[in-house]
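Just so we're aligned, residue 4 is where the sequence shown starts under the working numbering, counting upward by one. Everything below concerns the one structure shown next.
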Amino acid sequence: MADNENIFEKITEENMPWTDMVLSKIDGKLKRLSVSARGKLPYTTKNGVYSDFDGYPDGKNVCWWTNGFWPGLMWLMYVGTKDERYRETAEYSEELLDKAFDVYDLLHHDVGFMWHLSAGVNYRLFGGHRSKVRALHAADILAARFNPSGKFIRAWNGKGNKGRVIIDSMMNINLLYWASSETDDPRYEYIARAHADTVMKTHLRPDGSAHHIVDLDLETGEPIEAVGGQGYETGSSWSRGQSWALYGYVLSYIHTGDRKYLDAAKRAAHYFIANLAEYPVPLCDFRAPETPVIYDTSAGACAACGLIEIAKNVPEYEKALYLRAALRILKALEKDFFDQNENEDPILKNGAVAYHVSEKERAMPLIYGDYFFTEAIYKLKGNDMLFW
Ligand code: GLY
4 MADNENIFEK ITEENMPWTD MVLSKIDGKL KRLSVSARGK LPYTTKNGVY SDFDGYPDGK
64 NVCWWTNGFW PGLMWLMYVG TKDERYRETA EYSEELLDKA FDVYDLLHHD VGFMWHLSAG
124 VNYRLFGGHR SKVRALHAAD ILAARFNPSG KFIRAWNGKG NKGRVIIDSM MNINLLYWAS
184 SETDDPRYEY IARAHADTVM KTHLRPDGSA HHIVDLDLET GEPIEAVGGQ GYETGSSWSR
244 GQSWALYGYV LSYIHTGDRK YLDAAKRAAH YFIANLAEYP VPLCDFRAPE TPVIYDTSAG
304 ACAACGLIEI AKNVPEYEKA LYLRAALRIL KALEKDFFDQ NENEDPILKN GAVAYHVSEK
364 ERAMPLIYGD YFFTEAIYKL KGNDMLFW
């Protein structure tokens, strides 16, 4: 056996004491929260305590795009520990989400984030009929947003958004791949692949960076214009969008086996890694002025998940590049941004909602940062259940 055969196992094994130490800290926090935060769908924190999104009127907060991450986090912990408290909280949260189906008119393409990680994981673990129905219902809502002429999935509702597509969508389409295999009906996958192909042309730039938002022609799917999104400006480089592209494309490769998606993920990854040359935690935008310095820990955590999946899917002699890049990010997140206060709920500090937001929203805990950090650490531990 050549020295660096099984390099993935060798590197993860070497780092296992660190991985176990981090998992024990995460479990220490979440075990308590699995009980005390039951009944919430946390988005961020208030005074160190997990709290729900509260920006929509009339009881519609349940439609907020991040509401699947808490049950998803509970499922990660359940799979990792088999502690029933995690399962109970995940199932409780899944039921809370039913209200969002009733509100309906605020639902958007993020039904993928919301139900693939909640009901979708529950169904894949336990096969319950009610969870299957919820996940398939969400898949139908997502598929119905497809524009068959322009070949893209519309992101948001409302005036002016008919042709609006955002890079985040690359994570939502995993729900469609699952729906095709579950129903033995290829139409969902056709839609997912058509969308992924369009976005590869319209959002992924030749240098591997990604646009956040592009308005597309409704008939042809050709880009009309890129629009400034959550990054610094139009044409800049919002790091969370970059991580959506990186992880999203490797997931499309895993679900389809189509090599062009892996190549796209690698291109996004090389750009991401190059931008971490000085310090491994990404700035909110890789092309912003030197000050203010705004980090986005959620982008780092999501990218680390994607890098680990790339490492699993490339030939032996390429693996170390991606796996070591993921470890470098995760170690810096743990060292510099782990909330060590056991009385405070979040795992990671300094998520950035966007660049042009209040000071507070530029540096706050985000449930998806906690989710992706935990997912990445469990990947290092060898938990191979793909939640996406
Ligand atoms: N999907 C919205 C965001 O990443 O903030």
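All residues carry an ideal CB built from backbone N, CA and C; glycine is no exception.
Local Cβ density within 10 Å of residue i, reported as buried at 16 or more and exposed below that
i	result
residue 4	Because the pLDDT of residue 4 is 42, which lies under 50, any placement of that residue in the model is unreliable, and the number read from its coordinates should be weighed accordingly. Looking at its Cβ environment, which holds fewer than 16 other Cβ atoms inside 10 Å, residue 4 is exposed.
residue 210	exposed
residue 132	exposed
residue 102	exposed
residue 378	buried
residue 20	exposed
residue 388	exposed
residue 148	buried
residue 320	exposed
residue 277	exposed
residue 344	exposed
residue 183	buried
residue 217	buried
residue 317	buried
residue 225	exposed
residue 397	It is not possible to answer for residue 397, since the shown part of the chain is limited to 4 through 391.
residue 39	exposed
residue 129	exposed
C-beta atoms of residue i and residue j nearer than 8 Å
i	j	result
residue 390	residue 76	no
residue 305	residue 239	no
residue 1	residue 229	Nothing about residue 1 can be read from this structure; the chain reaches only from 4 to 391.
residue 111	residue 141	no
residue 65	residue 106	yes
residue 269	residue 313	yes
residue 170	residue 244	yes
residue 285	residue 302	yes
residue 297	residue 358	yes
residue 256	residue 291	no
residue 348	residue 53	yes
residue 332	residue 383	no
residue 299	residue 308	no
residue 113	residue 68	yes
residue 194	residue 146	yes
residue 109	residue 168	no
residue 70	residue 33	no
residue 351	residue 336	yes
residue 199	residue 176	yes
residue 272	residue 213	no
residue 153	residue 138	no
Residue range of the unbroken alpha helix (DSSP H) whose run includes residue i
i	result
residue 226	Looking at the DSSP string, residue 226 is not in any alpha helix (DSSP H); the run it does join, the beta strand (DSSP E), is 226-230.
residue 422	What is shown of the chain runs 4 to 391, which leaves residue 422 out entirely.
residue 146	132-146
residue 20	19-39
residue 266	262-277
residue 74	72-84
residue 96	87-99
residue 247	242-259
residue 369	First-last for residue 369: undefined, no H or E at that position.
residue 338	319-340
residue 114	114-119
residue 357	Counting along the chain, residue 357 falls outside any alpha helix (DSSP H), and DSSP gives it neither H nor E.
residue 42	Neither: residue 42 is in no alpha helix (DSSP H) and is coded neither H nor E.
residue 129	122-129
Host beta strand (DSSP E) of residue i (start-end)
i	result
residue 219	216-219
residue 47	45-49
residue 54	52-55
beta-carbon residue i near the ligand MN non-hydrogen atom, thresh 7 Å
i	result
residue 303	For the ligand MN, the structure offers nothing, since it holds only the ligand GLY.
CB contact check: residue i to chain D, cutoff 8 Å
i	result
residue 67	Chain labels in this structure do not include chain D; a single protein chain is all it has.
- For the ligand GLY, which residues count as neighbours when the test is a C-beta closer than 6 Å to any heavy atom? 68, 171, 233 and 243
- Task: Give, in chain order, every unbroken run of the alpha helix (DSSP H) that is at least 4 residues long and sits entirely within the stretch 153-193.
- Result: 172-175 and 177-186
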